[in-house]
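Residue 1 is where the sequence shown starts when you use full-length UniProt numbering, and the numbers rise one by one after that.
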Amino acid sequence: MIDESFFSSSPSSITGLENKSTTTISSVHSDILLNNILTRLDGPTLASTSCASTELYTLSTQQKLWSDICHAVWPSTTHPHIRHIISSFPDGPRSFFSDAFPLLVPSSDPPKLQNFHRHEIEICSSPSELISAVDIHYKNEIVYSKVQTTETLSGWFQYSPFRIDLLDPKFVVPTEIRFGNDSCRDLAECLKLSWIVIDPTGRRAANLSSGGAVLVQQHWLTGEIELKFATIMASGGNRDELAESEIIVTCGGSQGGELHVTEVSLKMQDMDGSNLSGKDSLVILKNGMLCGKRVAAQEEAGKKRYEEYLRIKKEREERKLRREGRLDAICIGIGILVCCGLCMLAWFW
Numbered sequence: 001m002i003d004e005s006f007f008s009s010s011p012s013s014i015t016g017l018e019n020k021s022t023t024t025i026s027s028v029h030s031d032i033l034l035n036n037i038l039t040r041l042d043g044p045t046l047a048s049t050s051c052a053s054t055e056l057y058t059l060s061t062q063q064k065l066w067s068d069i070c071h072a073v074w075p076s077t078t079h080p081h082i083r084h085i086i087s088s089f090p091d092g093p094r095s096f097f098s099d100a101f102p103l104l105v106p107s108s109d110p111p112k113l114q115n116f117h118r119h120e121i122e123i124c125s126s127p128s129e130l131i132s133a134v135d136i137h138y139k140n141e142i143v144y145s146k147v148q149t150t151e152t153l154s155g156w157f158q159y160s161p162f163r164i165d166l167l168d169p170k171f172v173v174p175t176e177i178r179f180g181n182d183s184c185r186d187l188a189e190c191l192k193l194s195w196i197v198i199d200p201t202g203r204r205a206a207n208l209s210s211g212g213a214v215l216v217q218q219h220w221l222t223g224e225i226e227l228k229f230a231t232i233m234a235s236g237g238n239r240d241e242l243a244e245s246e247i248i249v250t251c252g253g254s255q256g257g258e259l260h261v262t263e264v265s266l267k268m269q270d271m272d273g274s275n276l277s278g279k280d281s282l283v284i285l286k287n288g289m290l291c292g293k294r295v296a297a298q299e300e301a302g303k304k305r306y307e308e309y310l311r312i313k314k315e316r317e318e319r320k321l322r323r324e325g326r327l328d329a330i331c332i333g334i335g336i337l338v339c340c341g342l343c344m345l346a347w348f349w
């Protein structure tokens, strides 16, 4: 039932309501906005807030806000070396967040990619090192965090298969996660990984992880669980030339005991499944940082893109088999014709 007293309100009360309705964000003290409101926002929301007004833009672009957000999302960014590198980005932690938070996907615009041909990217100032900032979370709790530097100038890096291992073979990371019959499903749902590769020379970064695992499987003999995280990247000017950054996390443990992490590694593969060299991988990574399209991070987006990549790979393999089949048929036909010709020549001779 409608309260009739609302319609019988005095003019003074209506005027009061009108005055309240004209209150704007500018009437709120900047200290309250900065310390009590903006500090409670996550990165995407804070970025959207900066577009609302000039005052909010000034407040929401302060470096401390973005630095705190980066540290909360990626504990590895608290490392002194990472702090120093992030401070050199054009807008500091805000630029770093805009590079590293969204999912990296191949650009759907081939002409844009063709502006950065392979040889042009190679002659750009190559970083002497790549920095990996890796964080693994389980149910929003940090399980493992590490910063690792990989040099890129030696012949060993340039011409060997590209691979970064965070754990030594004899080293394991203990966790408080229980290892049981449902561990596969549990890890697939609850384990999240971020692998940010940073170019300190070009002051760019990219997250090579899909966020959630795109594939989880358990070894039938050892019982170890392997989780695969992947990002699909462009490897040339053609939109069909793709490469896969494959991150593997291997977990083990005894039934009913605690789960431990035994492997965290990154490698790059082409569409034929061959491991790419450090030189080729570096070109692809730089191409992705410069030209890669970045989209809002969503739980299922990375997995869907990986499934699309598998479909493209399958179609490519089928085309290759059909092409090879036609070549085989042509070769067989030519061979038969040659044999027939030789037989006829021998007969009449």
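Cβ atoms here follow ideal geometry from the backbone N, Cα and C, with glycine treated the same way.
Spanning the alpha carbons of residue 219 and residue 252 requires a straight line of approximately 10 Å. Inclusion of residue 231 and residue 210 in the CB contact set at 8 Å is warranted, their separation being smaller than that value.
Within the same chain, 106, 107, 113, 241, 242, 243, 284, 287, 288, 291 and 292 come within 8 Å of residue 234 by CB-CB distance, once the 5 residues on both sides are set aside. For a cut-off of 8 Å, the C-beta gap from residue 127 to residue 199 is around 5 Å, short enough to register as a contact. With contacts defined as CB atoms closer than 8 Å, residue 262 and residue 172 qualify as a contacting pair. When rounded, the separation of the alpha-carbon atoms in residue 213 and residue 318 is 27 Å. Within the same chain, and ignoring the five residues on either side of residue 133 in sequence, the residues whose Cβ sits closer than 7 Å to its Cβ are 74, 76, 77, 82, 147, 196 and 198.
A Cβ-Cβ distance of about 6 Å is found for the pair residue 187 and residue 216, placing them in contact under the 8 Å criterion. Contact check for residue 229 and residue 193: beta-carbon distance about 5 Å, within the 8 Å limit, so the pair qualifies. Between residue 248 and residue 226 a beta carbon distance of about 6 Å is seen, short of the 8 Å cut, so the two are scored as contacting. Bounds of any alpha helix (DSSP H) do not take in residue 271, whose DSSP letter is neither H nor E. By the 16-neighbour rule on beta-carbons within 10 angstroms, residue 333 is exposed. The three-state secondary structure of residue 213, taken from DSSP, is coil. Under DSSP, no beta-bridge partner is assigned to residue 200. Between the region 269 to 284 and the region 164 to 182, the count of Cβ pairs shorter than 8 Å is below three; the stretches do not touch. Residue pairing for residue 195: DSSP places it in a beta bridge opposite 134. Counting of Cβ neighbours within 10 angstroms places residue 254 among the exposed residues, the total staying below 16.
For residue 231, the enclosing beta strand (DSSP E) covers residues 225 to 234. Counted as a single uninterrupted DSSP element, the stretch harbouring residue 256 is not any beta strand (DSSP E), since DSSP gives it neither H nor E. The alpha-carbon separation between residue 94 and residue 135 amounts to approximately 19 Å.
Listed as beta-bridge partners of residue 205 by DSSP are 198. Inter-residue distance for residue 52 and residue 138 is about 35 Å (C-alpha atoms, whole angstroms).
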